[in-house]
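Just below is one structure, and these are the notes that go with it.
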Amino acid sequence: MTRSEISEFFDKRYAAWRDHDAEALAAGHAREGEVESPLFGNLKGQSDIRKSYAELLSTFPDMEFTREYLLIDGDKAVEFIAMTGTQQGDFCGLPASGKRMQIRGMSLCFLADGKISKEIRVYDFTRLLLQLGVLKAKPGF
Numbered sequence: 304m305t306r307s308e309i310s311e312f313f314d315k316r317y318a319a320w321r322d323h324d325a326e327a328l329a330a331g332h333a334r335e336g337e338v339e340s341p342l343f344g345n346l347k348g349q350s351d352i353r354k355s356y357a358e359l360l361s362t363f364p365d366m367e368f369t370r371e372y373l374l375i376d377g378d379k380a381v382e383f384i385a386m387t388g389t390q391q392g393d394f395c396g397l398p399a400s401g402k403r404m405q406i407r408g409m410s411l412c413f414l415a416d417g418k419i420s421k422e423i424r425v426y427d428f429t430r431l432l433l434q435l436g437v438l439k440a441k442p443g444f
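Numbering of the sequence shown is given in my numbering, commencing with residue 304 and proceeding in unit increments.
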């Protein structure tokens, strides 16, 4: 893929996030694609990847996804993001809390044949758990 094609691919992906379209998000992954996620563990194949998107969007139905930066290097891209949403569904075995979360993260995506062959997600999972009340912390300084 050219740099322009990769940029266009991620613009379509960004639109799918805004539209809460789990099918379109999963379709951007290779049929046997892989995802490494702090939340969902290691996923393989479009079906499992699709379920993870659907579960996340169901848990946080008002999720807003903002792209902060997109870096492209050859057949790899890194997308820096911010996410906000309200927990309205089960999350990691915890019932809906109605609490709002706001986190930042990034995804390193390896591209092949117009699809994501592998995605490595990194986000502030600890902050997410603090905001949802799962973890408690003493104030810092």
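Even for Gly, the Cβ is constructed at its ideal location relative to N, Cα and C.
Length of the line joining the Cα atoms of residue i and residue j
i: D365; j: V381; result: 24 Å
i: I516; j: L360; result: Outside the shown range of the chain, which is 304 to 444, sits residue 516, and nothing can be said about it.
i: D376; j: A415; result: 13 Å
i: P398; j: F312; result: 35 Å
i: E367; j: I384; result: 10 Å
i: A329; j: M409; result: 17 Å
i: G436; j: E358; result: 20 Å
i: A325; j: G401; result: 22 Å
i: A327; j: I309; result: 16 Å
Unbroken beta strand (DSSP E) run spanning residue i, endpoints
i: K347; result: 344-347
i: F312; result: Taken as a continuous stretch (DSSP letters only), F312 belongs to no beta strand (DSSP E), being part of the alpha helix (DSSP H) at 306-321.
i: F413; result: 403-415
i: F368; result: 367-376
i: F383; result: 379-389
i: S400; result: First-last for S400: undefined, no H or E at that position.
Residue from the options with nearest C-alpha to residue i
i: E339; options: D393, R430, V425; result: V425
i: D314; options: T369, T362, G388, E326; result: T369
i: M386; options: T305, E337, M404; result: M404
i: M304; options: W320, G417, Y317; result: G417
i: Q390; options: I419, L374, F413, L432; result: L432
i: G396; options: E371, Q434, L342; result: L342
i: K379; options: R316, A327, F413; result: F413
Whole-angstrom C-beta distance between residue j and residue i, which should lie under 8 Å
i: G344; j: R334; result: Between R334 and G344 the Cβ distance is about 20 Å, and since that is not below 8 Å, they are no contact.
i: F428; j: G388; result: Actually they are not in contact, since the Cβ atoms of F428 and G388 sit about 15 Å apart, beyond 8 Å.
i: K421; j: G331; result: K421 to G331, Cβ: 12 Å. No contact.
i: L411; j: I423; result: 5 Å
Range of the contiguous alpha helix (DSSP H) that encloses residue i
i: A329; result: 325-330
Using 8 Å as the threshold, is the stretch 435-444 in touch with the stretch 344-358, meaning 3 or more CB pairs across them?
Result no; under three Cβ-Cβ pairs closer than 8 Å.
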